[in-house]
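Below is one structure, written out as structure tokens, with a few remarks after it.
Residue numbers (the working numbering): 156 to 302.
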């Protein structure tokens with residue numbers, strides 16, 4: 156069985172263009188997120204970001220699991236070495252990662268479960284779970300993030 160999670164070094168080398176053709180991506184510059192400025196690529200709400208201060212290293216991944224083609228989505232999840240798939244419910248997710256360190260609710264019909272995972276190296280993982288559709292969105296970034 157493969158270890159859970161990808162090394163920070165391998166995560167840093169990943170690019171959205173590894174999974175989605177460049178002509179289908181929007182280039183991001185000066186993107187503000189988590190009180191930092193980023194560069195990166197996006198396809199809808201799927202964003203792969205690098206800090207402006209270290210633009211060669213991917214530090215944040217966000218994936219819209221509903222909008223991505225299933226094969227593309229599964230390739231991304233496999234590259235991150237996460238035992239997840241679109242549609243999982245809260246019980247299935249907590250069976251893998253344990254109890255979340257935080258639960259966020261921004262919209263009535265979904266919650267975001269925040270986990271600190273540290274099998275290979277530490278990450279913060281956010282799983283947004285819709286009450287009917289299950290897992291619809293995830294975010295992942297290594298911890299701690301540099302300033």
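Just so it is clear, CB atoms sit at the ideal spot from N, CA and C, and this is done for glycine as well.
Return the Cβ separation of residue i and residue j in integer angstroms, given the expectation that the two are a contact with Cβ distance under 8 Å.
| i | j | result |
| --- | --- | --- |
| residue 296 | residue 230 | With 8 Å as the limit, residue 296 and residue 230 do not qualify as a contact, their Cβ atoms being about 20 Å apart. |
| residue 192 | residue 202 | Not quite, the Cβ-Cβ distance comes to about 14 Å (not below 8 Å), so this is no contact. |
| residue 259 | residue 267 | 4 Å |
| residue 196 | residue 184 | Contact flag wrong, Cβ pair sits at about 11 Å. |
Need the endpoints of the alpha helix (DSSP H) that residue i sits in, please.
| i | result |
| --- | --- |
| residue 163 | 163 to 168 |
| residue 226 | 225 to 235 |
| residue 245 | 245 to 252 |
What are the start and end residues of the beta strand (DSSP E) that includes residue i?
| i | result |
| --- | --- |
| residue 196 | 191 to 198 |
| residue 160 | Where residue 160 is concerned, there is no enclosing beta strand (DSSP E), given that its DSSP letter is neither H nor E. |
| residue 184 | 181 to 188 |
| residue 297 | 289 to 297 |
| residue 217 | 213 to 219 |
| residue 175 | Note, residue 175: premise wrong, no beta strand (DSSP E); not H, not E. |
| residue 271 | 265 to 272 |
| residue 280 | 278 to 285 |
| residue 207 | Unbroken run through residue 207: none, as it is neither H nor E. |
Classify residue i: buried if its beta carbon has 16 or more other beta carbons within 10 angstroms, exposed otherwise.
| i | result |
| --- | --- |
| residue 198 | buried |
| residue 237 | buried |
| residue 283 | buried |
| residue 261 | exposed |
| residue 274 | exposed |
| residue 178 | exposed |
| residue 246 | exposed |
| residue 280 | buried |
Starting from the C-beta of residue i, find all residues in its chain whose C-beta is less than 6 Å away, skip the five residues before and the five after it, and write them out in chain order.
| i | result |
| --- | --- |
| residue 276 | 162, 163 |
| residue 243 | 289, 290 |
| residue 167 | 212, 213 |
| residue 217 | 202, 294 |
Could you name the residues of the same chain whose beta carbon sits closer than 7 Å to that of residue i, not counting the 5 residues immediately before and after it, in chain order?
| i | result |
| --- | --- |
| residue 175 | 198, 227 |
| residue 233 | none |
| residue 286 | 264, 265 |
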